Structure formats: C-alpha cells, structure tokens
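Using my numbering, you'd call the opening residue of the sequence shown number 1 and step up by one each time.
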Amino acid sequence: MEENHFFYFAYGSNISSSTLKKYCPTAEQICVAKLNGYRLDFKFWATIVPNPSKHVWGLVWQIHNRDIPQLDYYEDVENNLYRVFQVTVHSSDDRAITCRCYEMMSDFTLDQALTLGQNVNTMLKPDNIPAIWYMKNIIDSAVEAKIPDYYIDELKAVPTKECAFRE
C-alpha cells in the first residue's frame, strides 16, 4: 500500500461500493474480512460493540487519504456520532490488515440478548430498529461481497421498520 492511502474496514452500508464511492471516489475493494472481538448492533445505523467471543464480517477498502474528510463527514465524526479508531481484521487467507474503522459513540449493553453463536443483535429496542431500505442495502451488499451465508442470515433476522427518511 502506498503511503498516501489507508485501509478502511466497512461493516454496514459502506460494504456497498455505490454507497461508499459517493463520498470516497478513490475507494478500491481489497477483500472480505472478519473483525474478531466485536459484535454488530444498531442504533438505527449499524455499529460495532466490543465482545471478546463474537465477530463482525465486512469489507476492507483501500482509500486515498484525500477522502478522509468526506468519510469523517459522512460518519458525522465532528458531531460525535461515530469515533475513528484502528482495528486489525483478518482476510479469508488469514492475512492481518490494520484498518481505519468507525464505532458509534453510545453505550450498548444488550450482550445478554445474543445467543451463544449469534454475532448480530436481533433483539433491538424500538428506537434502535433500522429502516427497511438501510438493511436491504447492507444485506444485498453482503451477498454481493460473498460474506459467509450464516452471517447474512443473521443480518436478515434484524428487525426493520418503515422510515420516510432516506440517505
């Protein structure tokens, strides 16, 4: 990787190239990867939550540094919706890749809602339920990216709601 690029781990709507490339036109898909030690949750938008026995699937993108301001703007870092931090993910051939990642700035304490083998929270409070169109984007993008079927099944089990708001 060139010095003027970074790796980004996307686990929600940014798995979609059409979504990500709207504000990161330099983004190039690198590989499907797994982030260990986290689970997927929602507060309308997707986020990751630390959990030592879980994992999150997503995509690694290589992006030029000049796209960082747009990516931070989209993730609303300035208003503390998400925070930026580094994670190490593993590709299907078990290559470790250090990536920029975003985590929602909220406390999530619903680990008890997950079964032993579950990685995606499907027992959401009513205000946390994502929109139908948002989850469809995530699921369709995950299928296209060839994220493992069991994980896509968990995504399909996330409750959704009608929502007039659209990105």
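Yeah, the Cβ is synthetic: ideal placement off N, Cα and C, and Gly gets one too. Only a predicted model underlies this, so the values are computations on that prediction, with no experimental measurement involved.
Just the Cα atoms here: how many angstroms apart are residue i and residue j?
{"i": "PRO69", "j": "LYS156", "result": "32 Å"}
{"i": "ASN51", "j": "VAL120", "result": "11 Å"}
{"i": "LEU20", "j": "HIS64", "result": "13 Å"}
{"i": "HIS55", "j": "GLU154", "result": "12 Å"}
{"i": "TYR38", "j": "ALA164", "result": "30 Å"}
Can you name the start and end residues of the beta strand (DSSP E) that residue i belongs to?
{"i": "MET104", "result": "96–104"}
{"i": "SER91", "result": "82–91"}
{"i": "ALA142", "result": "No beta strand (DSSP E) contains ALA142, which is instead part of the alpha helix (DSSP H) from 132–145."}
{"i": "SER53", "result": "45–64"}
{"i": "TYR23", "result": "Note, TYR23: premise wrong, no beta strand (DSSP E); not H, not E."}
{"i": "TYR11", "result": "Counting along the chain, TYR11 falls outside any beta strand (DSSP E), and DSSP gives it neither H nor E."}
Can you give me the start and stop residues for the alpha helix (DSSP H) that residue i sits inside?
{"i": "LEU71", "result": "68–74"}
Cα-Cα, which of the options is closest to residue i?
{"i": "SER18", "options": "ILE138, LYS146, GLU154", "result": "ILE138"}
{"i": "GLU28", "options": "SER91, PHE7, ARG39, SER13", "result": "PHE7"}
{"i": "CYS24", "options": "THR160, THR88, PRO126, TRP61", "result": "TRP61"}
**Report entry** the segment 42–56 in contact with the segment 123–140 per 3-pair CB rule at 8 Å
**Finding:** yes
Query raised in the report: Between the segment 47–59 and the segment 74–81, are three or more C-beta pairs nearer than 8 Å?
Result: no
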